[in-house]
Amino acid sequence: MKTVKVTGKTIEEALDTALSQLNTDLSNVEYTVLEQPSKGFLGIIGAKPALLEVSLKEEEEIEEEQQANNSIEKEEQGAMEEEMDKQLPNPTEEAHSFLLQVIEEMKVDVDVTVHETEDELLFHLSGKDIGVMIGKRGRTLDSLQYLVHLVRNRSGDSYKRVIIDAENYRQKRQETLERLAERLANKAVRTGEKVALEPMNARERKIIHTALQYREDVETYSEGTGARRHIVIRPT
Amino acid sequence: MVTLIKTIASALVDHPEAIHIREHQENNTLVYTMTVHEDDMGKVIGKEGRIAKSIRSVLYAAATHQQKRVRLDIQDEW
């Protein structure tokens, strides 16, 4: 994997430098902000440049054919987006710098990598203070994800799903919920009584519904409204 | 802490210049009182208080390392 380290007055500037060095575009790289830029006092004294580590994505990820087809499209798109950028800041960049700023002001030691696809914006967090960033049952992570989603999708057009993950927390949580679902489904069948789960958000409820869909001996539904909405497993 | 609240709130509202945050202490709790433009109340509170709740979660996480408890109150006027 080809990696370069670049500096710039802003994250965007550094990124631009890296892209021209690697002779590629934003969709083919992943980057980590090693050092946040700071304007310093009056923009002169103590100004610190941004330091970025930018890596070219693995070759397999980018199929050559696709690349050939896309580059023409991308150029056209790029030109259009550039024009739009003059009026509006890029919502993804805005969401990214918002997240970085919040992390910086939380005074936690956490690194962020970004991965953007057509309909999804994924931020991956890692580092020493990751426990604080996840919080109890992922509460901090979910809150941060919701706030970044609001910032990213403020303008209303070009909606993207925002996911913030930390050291595979989302995957591990899914596995935990699936095990919980099985266990409680067995309990419902054994006792012949309904089992109510604790309140969960829509995404986690969906994991439970999906996990038990294949079972013919139980059915699942949700009860309650808002933050109290929870799943009930009923033996059939 | 004040800057953190301000960063989050400013990114959500239409009138960031109208955001004011005051800090005072009640026993062992640092209380932050934020006022926003009245048209922006919904943008920092959200449906069923979901946005306010998220802001508070991030705040509590940031306060993990300090001794004092923190609280955030939101008002539309002083």
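Going down the list, the sequences are from chains A and B.
Residues are numbered in this note's numbering as their position in the first sequence, beginning at 1, plus a constant of 11.
Residues are numbered in this note's numbering as their position in the second sequence, beginning at 1, plus a constant of 18.
Cβ atoms here follow ideal geometry from the backbone N, Cα and C, with glycine treated the same way.
Values in this document were obtained by computation on a predicted structure and should not be read as measured data.
Around A29 of chain A, the same chain offers V15, V17 and V65 as residues with beta carbons nearer than 6 Å, after the five sequence neighbours per side are excluded.
Residue-level contact by beta carbon fails for T21 of chain A and chain B, as no gap is shorter than 8 Å. Contact of E66 of chain B with chain A is assigned, a C-beta pair being separated by under 8 Å. Counting along the chain, the unbroken beta strand (DSSP E) around V123 of chain A starts and ends at D122 to E127. Proximity of V54 of chain B to chain A, defined by a Cβ-Cβ separation below 8 Å, is not satisfied. One thing to note: A177 of chain A has its Cβ within 8 Å of the Cβ of I141 of chain A.
By the neighbour-count criterion, in which a residue is buried when 16 or more other Cβ atoms sit within 10 angstroms of its Cβ, R172 of chain A is exposed.
Taking all protein chains shown into account, T187 of chain A has fewer than 16 neighbouring C-beta atoms within 10 Å of its C-beta and is therefore exposed. Checking the DSSP bridge columns, you'll see R87 of chain B partnered with B:T47.
Taking every protein chain shown into account, the CB of Q93 of chain B has fewer than 16 other CB atoms within 10 angstroms, so this residue is exposed.
In this structure, DSSP gives E131 of chain A an extended state, which the three-state scheme calls strand. Residues are counted here when their Cβ sits less than 7 Å from a Cβ of chain A; for the region 28 to 47 of chain B these are A29 and L30, given in chain order.
Annotation for G142 of chain A: the continuous alpha helix (DSSP H) segment containing it runs I141 to I145. For a cut-off of 8 Å, the C-beta gap from S72 of chain B to L158 of chain A is around 5 Å, short enough to register as a contact. Within the same chain, N39, V40 and E41 come within 7 Å of K68 of chain A by CB-CB distance, once the 5 residues on both sides are set aside. Residue contact with chain B for V162 of chain A: present (Cβ-Cβ distance below 8 Å to some residue of chain B). In the three-state reduction of the DSSP assignment, E23 of chain A falls in the helix class. Residues V173, I174 and I175 of the same chain have their beta carbon placed closer than 7 Å to that of Q156 of chain A, with the five preceding and five following residues left out of the count. For T25 of chain B against E116 of chain A, the beta-carbon gap comes to about 6 Å, under 8 Å, which counts as contact.
Taking a Cβ-Cβ threshold of 8 Å, the residues of chain B close to R150 of chain A are S75, in chain order.
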